[in-house]
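*Asks:* Residues 1067 to 1497 in my numbering are what the sequence shown lists, from first letter to last. Idealized CB from N, CA, C, for every residue including glycine. Since we're looking at a predicted model, the values are computed, not measured. Before I ask anything, let me first share the structure, which is written out below as structure tokens.
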Amino acid sequence: MKTVAVVGSQWGDEGKGKIVDLLAADADIVVRFQGGNNAAHTLVVNGEKFILRLVPAGALHDGKICVIGNGTVVDPIALVEEIENLKSRLRLKDDALLKLSYDAHMVMPYHRAIDRAREARLGKSAIGTTGFGIGPAYEDKMARIGLRFDDLTNFAVFVEKLERNIRDKNLYLKTLLKAKPVNGAEIIAQMRRARTRLMRYLCDTSTFLHEAIAAGRRVLFEGAHGVMLDIDHGTYPYVTSSNCGASAVFGGGGIAPGELDAVLGISKAYTTRVGAGPFPTEIKGKLADALRAEGDEFGSATGRPRRIGWFDSVLARHAVRLNGIWGLALTKLDVLTGIDPLKACTAYEIRGTRYEGIPPGRHMLERVKPVYEEMPGWTESITEARSLEELPSNARRYLARISELSGVKLAMVGVGASREATIVISNPFLT
Ligand code: IMP
Ligand code: MG
């Protein structure tokens, strides 16, 4: 297969970064198509740790083209910082390796200010956003007052639009949100500097991708967040402001449905979520603390401790159905070493009624009780395993059951943080 999308099947942080990094070795082009720097993909390459927020993971391989598609929202200041950081670590040396869509929307400092002020005002009912202005930037896109990189081509006109937005946003910040207004002159100066740095990357990425696909090049679409954070199919309003499933590849990447060959779903061997909202299989106390420490479950974008729970096959089936998942990459299996018994959620229950899928009306998710199946654990270290045969039999049994419950075959299993610590059962680019 030549074109593959990687999507998160839980609440983000499934370890997509590592799997994308691994698959990037076989791809020519790696594309981000939705979200912004609220995403943070952590990768460990030869012991060196990278956190990528906007630049696709292809940047860690020599000669791969990285595309930031039209469906993303990009903070120009954050992007310049990320590029500088990568260049200082000898990546993205050639500017031709990064292509930024003219049509991608810009996240402005006022979006960040609004995001934070709103969350503060919500108090206990806050969503727990990353505070990076993602929601407000997508709102402006839909309201047709957003600024796109395309606008940078005529800076005088850009400044006019920007000043109009700043006036409106400051009024909103001051009067409604009782927050500090943003400094217009400073923003204009920042955007002037960002323009000088970013114009060289602008590209009609939709046409570029279409031509690349037509020429038979391998393209990897790197999803951010996860299906449960999807604006339509997730736990609204505790979601992010974009579609994060495979459907977003078309809108946000600018390619046609027939141009995508396969979708690889990524899921942890357990579940985590950051921010507020329902989480049926959540566990608390000592076991959660142990898993959090062992799995280093702290948000890479914000440093917040992640909430921890058992694997939830109801969510997995939801993700498989919505995304047409071809295979599942199950990550961080090693984190479960030493835990006995292991539990996996097979279905939900509400007052004696059993649900195999998410009960109709998403508000019901707050009330469901998970039905668990227990499985025996293992104690042997598994980080050196590179094939299923090298795993303890209880680990193999756990994997087989997860696959069966999810209704999809396993394509990969992560057994450690590094690129190499992966059992590859089938690589979509090589099938
Ligand atoms: P926002 O995307 O910053 O608006 O945050 C909305 C919700 O999505 C919050 O619960 C965030 O914690 C969550 N979120 C956004 N991006 C990610 C991610 O990449 N991983 C995990 N959670 C995320
Ligand atoms: Mg993340």
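(1) I'd like to check one pair, G1074 with G1289: are the Cβ atoms closer than 8 Å?
(2) Please name the residue in N1151, V1479 and M1208 whose C-alpha comes closest to that of M1172.
(3) Going by beta carbon distance, what residues of the same chain come within less than 8 Å of I1279, once the five residues before and after it are set aside?
(4) Hey, would you say H1127 sits closer than 8 Å to L1118, going by beta carbons?
(5) Please confirm if the segment 1260-1267 is in contact with the segment 1347-1360, defined as three or more CB-CB distances below 8 Å between the two stretches.
(6) At 4 residues or longer, and completely inside the segment 1242-1325: list those alpha helix (DSSP H) runs for me, N to C.
(7) Measure how close the beta-carbons of S1308 and G1078 come, nearest whole angstrom, since I'm counting them as under 8 Å.
(8) Just to confirm the assignment, what range does the alpha helix (DSSP H) spanning G1083 have?
(9) Is it the case that the Cβ atoms of I1468 and V1481 are separated by a distance below 8 Å?
(10) In whole angstroms, what separates the C-alpha of A1413 from that of R1463?
(11) N1136 and S1272 - do their beta-carbons sit closer together than 8 Å?
(12) What are the boundary residues of the beta strand (DSSP E) that K1435 is part of?
(13) Run through DSSP, which three-state label would G1393 get?
(14) Suppose you measure from the CA of A1186 to the CA of K1240; what does that come to, to the nearest Å?
(15) What do you reckon, are the CB atoms on A1144 and F1215 nearer than 8 Å?
(16) Taking the alpha-carbon of Y1204 as reference, which of I1232, M1174 and K1190 has the nearest alpha-carbon?
(17) I'd like to check one pair, R1283 with D1161: are the Cβ atoms closer than 8 Å?
(18) Rounding to the nearest angstrom, what Cα-Cα distance links G1418 and A1105 in this structure?
(19) Give me the Cα-Cα distance between T1338 and L1295, rounded to the nearest whole angstrom.
(20) Considering only the beta carbon of each residue, do G1393 and Q1076 sit closer than 8 Å?
(21) Helix or strand or just coil, what does DSSP make of K1506?
(22) By alpha-carbon positions, which one of I1424, T1449, S1447 and E1415 ends up nearest to Y1438?
(23) Thinking just about the alpha-carbon of each residue, which of K1398, V1340 and I1391 is nearest to the one in R1373?
(24) If I follow the unbroken alpha helix (DSSP H) through A1183, where does it start and stop?
(25) Using the three-state DSSP reduction, which class does P1425 fall into: helix, strand or coil?
(26) Where does E1226 sit, in a helix, a strand or coil, going by DSSP?
(27) Could you tell me if the beta carbon of I1078 falls within a distance shorter than 7 Å of some heavy atom in the ligand IMP?
(28) Would you check if the distance between the CB atom of G1197 and the CB atom of R1178 is smaller than 8 Å?
(29) What three-state label does DSSP hand F1221 in the structure shown?
(30) Taking only heavy atoms of the ligand MG into account, decide whether any of them is closer than 7 Å to the Cβ of S1366.
(31) Could you tell me if the beta carbon of A1290 falls within a distance shorter than 7 Å of some heavy atom in the ligand IMP?
(32) Compare the C-alpha of P1407 against each of A1255, P1442 and R1387 and name the closest.
*Replies:* So, to answer that:
(1) yes
(2) M1208
(3) K1068, T1069, V1285, I1321 and E1325
(4) no
(5) no
(6) 1250-1264, 1271-1280 and 1314-1319
(7) Incorrect: roughly 12 Å between the Cβ atoms, too far for contact.
(8) K1082 to A1090
(9) no
(10) 19 Å
(11) yes
(12) K1435 to M1441
(13) strand
(14) 14 Å
(15) no
(16) M1174
(17) no
(18) 38 Å
(19) 12 Å
(20) no
(21) Since the displayed the chain opens at 1067 and closes at 1497, residue 1506 lies outside it and no answer follows.
(22) E1415
(23) V1340
(24) P1175 to L1188
(25) coil
(26) helix
(27) Checking the sequence, you will find Gly at residue 1078 rather than Ile. Within the cutoff, so yes.
(28) yes
(29) helix
(30) yes
(31) yes
(32) P1442
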